[in-house]
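Position in the sequence shown (from 1) plus 1162 gives the number in the numbering used here.
I have placed the structure first, in the form of structure tokens, so that the comments after it can refer back to it.
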Amino acid sequence: MPAETQDATQILQQDGRMRWRIFTAAFAVRILYILLAHTFKIRPSDDHFEFGWEMGRIGRALATGHGYGDPFTGHTGPSAWAPPLYTLLIGGTFKLFGVYSKLSAFVLLAVNSLLSAWTAVLCYEIALRSFGRRCALWSGWLWALYPAAMQYSVRWVWETTASAAVFAAVVLLTLRMRGTGDRAQQEQTWQQWAAFGLLWGALAMLNPTPLLMVPVTALYALTAPVWRPRRLIHAALAGLLFIAALAPWTARNYAVFHRFIPLRDNFGAENYEGNSDWSTGFPWGRTVPLENTRILAEYQRMGEPAWTADRGARASAWIHAHPAQFARLTAKRTWMYWAGVPKSVQEAGALEYFRLMSFQFLSLCGLMGAALALRRRAPAAWVYDAALLLLPLPYYAVTVQARFRHVLEPLICVLGVYLFQSATSRNKPKTNS
């Protein structure tokens, strides 16, 4: 551990005001941008579909008394297309402040901004515990003020910002439970393990993809240096709370669809969109085109679970029949996950090239920082590397968009700062603990 790291808990006690400044600045900048750029005035095209997309549609159905359903056009019946946590937030906001209203948009973007500002503080402590205070300060302020870090919080009514915040919170809680950055090992508490289970449950209800990291984070916490047998009991408590967090949604889905749908049921449709005769690897077009009345009628007639299962079967058959083309599409999606998804030729321009260069630069810095941390055996380095390795895998195989990387961007921010901090301080003596 770098000598600069000292004792994380002691530094955190001394740095309370600094973290508050980071949070306040981050939140103020985001709210100011929303007001000045009028991002709360979301385009009303396709009957306001860009206002939350499928989640916005379900939120409208909830607010107008039609239940959890209708994710596309018209009243098509119950849905499990999207997990419920952020969708319920949209529905509640619509109920209080108006369906697709500017005030609702502002409230939802303000909530996003609050979560994004909190993420800046999380970046600070993650960096502090693994890489020291200087890296922590740069990481916190970079997330607070860098435009790329705030873009989804101020423009997108979607779970993207919330998922990144909750995943960063899980990573930080794991570091605390392990005692990473602390000189004196503290015994884990049942409250920490309870929070661990509930945070993972909340993330599952936002975006299930990061659940790939549950075994990694649990193993890192369980193997803390000072072993206590009751740790297994606490871990079991976390597992029970995680299951309890999913149980109401799973029970609702079984009652409505008579199928076991623990999280969401849209995978087959997404897989068919990404792996079929017309697939190019690019995420252009909608999984369910709103203007195609034939597909919408088929979706309504079959019911969502049956329709998505049918699409999934077609995608699986295509993949088995075209393994070489699937491999090429997977390679292309892998590249675009880290290099950025280019816009259409009509939208290309100087700003587009700058956007792609910025996206690629951040990816390169994060990946190089992760490799350096692992080489130097920095605390929790293998957890960060596992996240960069595991979380993109579903997107490589199915579909890719720039926002899918955002859940990893707090770690990319910290690792990128660590890379540059290491370059400027490589001649300084280091000690290991």
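We treat Cβ as the ideally placed atom computed from N, Cα and C, and that holds for glycine.
Are residue i and residue j close, meaning C-beta to C-beta below 8 Å?
| i | j | result |
| --- | --- | --- |
| Ala-1564 | Thr-1492 | no |
| Ala-1501 | Ser-1525 | yes |
| Trp-1355 | Val-1376 | no |
| Val-1418 | Pro-1240 | yes |
| Gly-1596 | Arg-1517 | Look at the range of the chain in this structure, 1163 to 1595, and you will see that residue 1596 is not part of it. |
| Ala-1486 | Asn-1437 | no |
| Leu-1360 | Leu-1403 | yes |
| Val-1319 | Leu-1270 | yes |
| His-1210 | Gly-1221 | no |
| Glu-1460 | Asp-1427 | no |
| Ala-1383 | Met-1339 | yes |
| Ala-1242 | Asn-1415 | yes |
| Gly-1231 | Thr-1238 | yes |
| Gln-1347 | Ala-1406 | no |
| Gln-1583 | Arg-1296 | yes |
| Ala-1259 | Leu-1265 | Residue 1259 is actually Phe in this sequence, not Ala. Going by C-beta atoms, Phe-1259 is nearer than 8 Å to Leu-1265. |
| Tyr-1499 | Phe-1422 | no |
| Ala-1413 | Pro-1572 | no |
Give the range of the alpha helix (DSSP H) segment to which residue i is assigned.
| i | result |
| --- | --- |
| Gln-1487 | 1485-1501 |
| Phe-1259 | 1246-1259 |
| Ala-1540 | Element bounds for Ala-1540: n/a, residue is neither H nor E. |
| Pro-1556 | 1555-1559 |
| Gly-1181 | Just to set this straight, residue 1181 is Arg in the shown sequence, not Gly. Taken as a continuous stretch (DSSP letters only), the alpha helix (DSSP H) holding Arg-1181 covers 1178-1199. |
| Phe-1213 | Here Phe-1213 belongs to no alpha helix (DSSP H), and DSSP marks it neither H nor E. |
| Gly-1443 | No alpha helix (DSSP H) contains Gly-1443, which DSSP labels as neither H nor E. |
| Gly-1359 | 1352-1366 |
| Trp-1300 | 1295-1307 |
| Gln-1348 | Counting along the chain, Gln-1348 falls outside any alpha helix (DSSP H), and DSSP gives it neither H nor E. |
| His-1396 | 1392-1419 |
| Tyr-1262 | Tyr-1262 -> no alpha helix (DSSP H), and no H or E assigned at all. |
| Asn-1369 | From DSSP, Asn-1369 is part of no alpha helix (DSSP H); its letter is neither H nor E. |
| Gln-1462 | 1455-1464 |
| Ser-1584 | 1571-1586 |
| Glu-1432 | 1429-1436 |
Give the DSSP bridge partners of residue i, in chain order.
| i | result |
| --- | --- |
| Gly-1231 | Pro-1240 |
Since I believe residue j is in contact with residue i (beta carbons under 8 Å), could you give me their beta-carbon distance rounded to a whole number of angstroms?
| i | j | result |
| --- | --- | --- |
| Glu-1287 | Leu-1174 | 7 Å |
| Ala-1549 | Leu-1534 | Contact doesn't hold; Cβ gap of about 16 Å is too wide. |
| Gly-1474 | Tyr-1434 | 7 Å |
| Leu-1452 | Phe-1234 | 6 Å |
| Thr-1379 | Gly-1430 | Thr-1379 to Gly-1430, Cβ: 28 Å. No contact. |
| Tyr-1248 | Ala-1324 | 6 Å |
| Glu-1216 | Ala-1199 | Actually they do not touch by this definition, with Cβ atoms about 25 Å apart. |
Looking only at its own chain, which residues have a Cβ that is under 6 Å from the Cβ of residue i, when we skip the five neighbours before and after it?
| i | result |
| --- | --- |
| Val-1576 | Cys-1285, Ile-1288, Ala-1289, Ser-1301 |
| Pro-1591 | The predicted model places Pro-1591 with a pLDDT of 45, which falls under 50 and marks its position as unreliable; any figure quoted below should be read in that light. Nothing listed; no residue qualifies. |
| Ala-1170 | Leu-1290, Arg-1291, Gly-1343, Asp-1344 |
| Phe-1293 | Tyr-1580 |
| Trp-1411 | Pro-1246 |
| Cys-1527 | Gly-1578, Leu-1581 |
| Gly-1253 | Gly-1221, Leu-1224, Ala-1225 |
| Asn-1589 | Low per-residue confidence applies at Asn-1589: pLDDT is 49, beneath 50, and the placement is therefore not dependable enough to give any value. |
| Arg-1538 | none |
| Lys-1505 | Glu-1514 |
| Phe-1521 | Gly-1502 |
| Ala-1532 | Tyr-1546, Asp-1547, Leu-1550, Leu-1577 |
| Val-1388 | Gln-1347 |
| Gln-1462 | Thr-1238 |
Near residue i, which residues of its chain fall below 7 Å by C-beta distance, leaving aside the five closest residues on each side in sequence?
| i | result |
| --- | --- |
| Phe-1185 | Ala-1279, Trp-1280, Ala-1282, Val-1283 |
| Pro-1445 | Val-1503, Thr-1561, Val-1562, Gln-1563 |
| Thr-1371 | Leu-1553, Pro-1556 |
| His-1568 | Tyr-1314, Thr-1322, Ala-1326 |
| Trp-1544 | Leu-1536 |
| Glu-1212 | Ile-1204, Arg-1205 |
| Ile-1457 | Val-1450, Pro-1451 |
| Leu-1335 | Gln-1354, Ala-1357, Phe-1358, Leu-1361 |
| Ile-1481 | Asn-1437, Phe-1488 |
| Thr-1255 | Ser-1266, Val-1269, Leu-1270 |
Quick one: residues in its chain with C-beta nearer than 8 Å to the C-beta of residue i, no 5 flanking neighbours on either side, listed in chain order?
| i | result |
| --- | --- |
| Tyr-1195 | Thr-1201, Met-1312, Val-1316 |
| Val-1191 | Ala-1306, Leu-1307, Met-1312 |
| Leu-1299 | Met-1180, Tyr-1286 |
| Leu-1399 | Trp-1352, Trp-1355, Ala-1356, Gly-1359 |
| Ile-1193 | Ala-1272, Ser-1275 |
| Leu-1373 | Trp-1362, Leu-1365, Ala-1366 |
| Glu-1432 | Thr-1449, Val-1560, Thr-1561 |
| Leu-1368 | Pro-1245, Leu-1247, Tyr-1248, Glu-1321, Ala-1324, Ser-1325, Val-1328 |
Examine chain D for any beta-carbon lying closer than 8 Å to the beta-carbon of residue i, and answer yes or no.
| i | result |
| --- | --- |
| Val-1332 | Going by chain labels, chain D is absent from the structure shown, which holds only one protein chain. |
May I ask whether a heavy atom of the ligand SAH can be found less than 7 Å away from the beta carbon of residue i?
| i | result |
| --- | --- |
| Arg-1390 | No copy of the ligand SAH appears in this structure; indeed no ligand is present at all. |
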